[in-house]
Each structure stands twice: as structure tokens, then as C-alpha cells.
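Enquirer:
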Amino acid sequence: MASQKLALPYKTVINGPLKPGKGIIIQGVVNTDAYRMDFNLRHRFGIAFHYNPRFDENKVVCNTWAGQWNTEYSPAGMPFKKGQPFEVAINCTSYGYDIQVNGEQVSSFQHRFLQLDEIDVLDIRGDLQLTSIAQC
Ligand code: GAL
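Counting from 2, one number per residue, gives the positions in the sequence shown under my numbering.
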């Protein structure tokens with residue numbers, strides 16, 4: 002049976018609290034004509050982690066939002082390809098977030114929003130097909 006697609010924008014509650022050791026694994030397929038994809042970990046007042054692969058700029062932008070965007074951070078490389086399946090693992094650590102794409106560590110992002118237990122929503126949108134979400 003073909004895997005069922007999850008509708009976008011996709012929002013789900015993070016089985017919390019978010020804390021070091023918790024991970025979220027997202028599987029999907031990049032649209033063939035993709036522009037950007039947004040993976041957001043949200044709290045009531047903003048975004049604690051915005052992970053934003055940009056095909057138009059051939060890079061990934063990481064940031065936080067709290068009334069306005071903070072300083073962008075772009076890890077080296079662009080691990081996503083248009084039209085290709087992917088797996089993104091976001092692992093919360095005491096330092097921040099470790100990101101693995103297709104099993105390879107691609108970036109770390111230091112915590113800026115420190116009340117981890119208030120980060121309760123995963124929000125995914127943009128130019129992708131979403132296949133599965135797992136939390137561990
Ligand atoms: C903006 C963009 C937002 C977000 C932000 C991150 O330019 O419109 O979607 O990606 O950058 O800093």
C-alpha cells in the first residue's frame with residue numbers, strides 16, 4: 002500500500018516536555034519544484050527552532066522568532082534535493098538541537114529559547130510531501 006500523505010501545513014503536539022534526549026523524526030519527499038520547506042518547533046510566543054531548507058538559495062537557514070526574526074545561522078551544505086525522499090531527525094540536547102538528514106549529522110543549533118518545557122508544537126509547511134512523523 003502506498004504510504005499515506007499527511008496534510009500540510011502539519012501541526013502536532015510535541016509529546017512533552019521537550020528535553021535533552023527527546024527526538025523527532027520526520028520523513029517526506031521534497032517537491033520537484035520546491036522553493037522552501039519549514040520545520041518549526043513552537044512555543045506560545047514564537048518559534049524556538051526554525052529549520053528552513055531553501056532551494057532558491059541552495060542552503061539551510063536556522064533561526065528563532067519572537068516578535069521578529071533573530072540572527073540567521075546557516076550550516077554548511079545543502080543536504081536536500083528536489084524530488085528526493087528525506088528523513089530529518091531533530092534531537093534535543095542540553096546544548097541545543099542536533100539535526101541529522103538521511104542519517105548524517107548536518108548541523109547543531111544552540112538553544113536560544115531556554116524554557117524547553119514550553120516548546121509544545123511541531124509545525125511543518127512548505128514544498129514537500131509529508132510521509133511520517135515519529136517522536137521518541
Ligand atoms: C525570512 C523568511 C522567513 C524565515 C526567516 C528566517 O526572510 O521570510 O520565512 O525563513 O527569514 O530568518
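By construction, the Cβ of each residue, glycine as well, lies at the ideal position given by its N, Cα and C atoms.
(1) Three Cβ pairs or more, each shorter than 8 Å: is that satisfied between the stretch 10-21 and the stretch 120-129?
(2) Quick one: any contact between the stretch 30-39 and the stretch 84-99, if contact means 3 or more CB pairs under 8 Å?
(3) Considering only the beta carbon of each residue, do aspartate 124 and proline 54 sit closer than 8 Å?
(4) Quick one: measure Cβ to Cβ for lysine 60 and methionine 79, integer angstroms, because I've assumed they're closer than 8 Å.
(5) With a threshold of 7 Å (Cβ to nearest heavy atom), would glutamate 58 be considered close to the ligand GAL?
(6) Which residue spans inside the stretch 60-93 form an unbroken beta strand (DSSP E) run of at least 3?
(7) Beta-carbon distances below 5 Å to any heavy atom of the ligand PLP define the shell here; list its residues in chain order, please.
(8) Residues in its own chain within less than 6 Å of glutamate 88 by CB, not counting five upstream and five downstream?
(9) May I ask which residues mark the beginning and end of the beta strand (DSSP E) holding glycine 29?
(10) I need the straight-line Cα distance from alanine 8 to phenylalanine 40, nearest angstrom please.
(11) Determine the burial state of tyrosine 96: buried for a count of at least 16 other Cβ atoms within 10 Å of its Cβ, exposed for fewer.
(12) Any idea if leucine 115 is buried or exposed, counting beta-carbon neighbours within 10 angstroms, 16 or more meaning buried?
Expert: Put simply:
(1) The stretch 10-21 makes contact with the stretch 120-129: 3 or more CB pairs, one atom from each, lie closer than 8 Å.
(2) By the Cβ criterion, the stretch 30-39 is in contact with the stretch 84-99, since at least three pairs of Cβ atoms, one from each stretch, lie closer than 8 Å.
(3) No; because the gap between Cβ atoms is not below 8 Å, this pair is not in contact.
(4) At roughly 6 Å, the Cβ-Cβ gap stays under 8 Å, so lysine 60 and methionine 79 are in contact.
(5) No, the beta carbon of glutamate 58 sits no closer than 7 Å to any heavy atom of the ligand GAL.
(6) Counting whole runs of 3 or more residues, the stretch 60-93 contains the beta strand (DSSP E) stretches 60-66 and 86-93.
(7) Among the ligands in the structure shown, the ligand PLP does not appear; only the ligand GAL can be found there.
(8) The residues are Gln28 and Asn103.
(9) Unbroken beta strand (DSSP E) run through glycine 29: 24-31.
(10) CA-to-CA, the gap between alanine 8 and phenylalanine 40 works out to about 14 Å.
(11) Tyrosine 96 is exposed by the Cβ-count criterion.
(12) Looking at its Cβ environment, which holds fewer than 16 other Cβ atoms inside 10 Å, leucine 115 is exposed.
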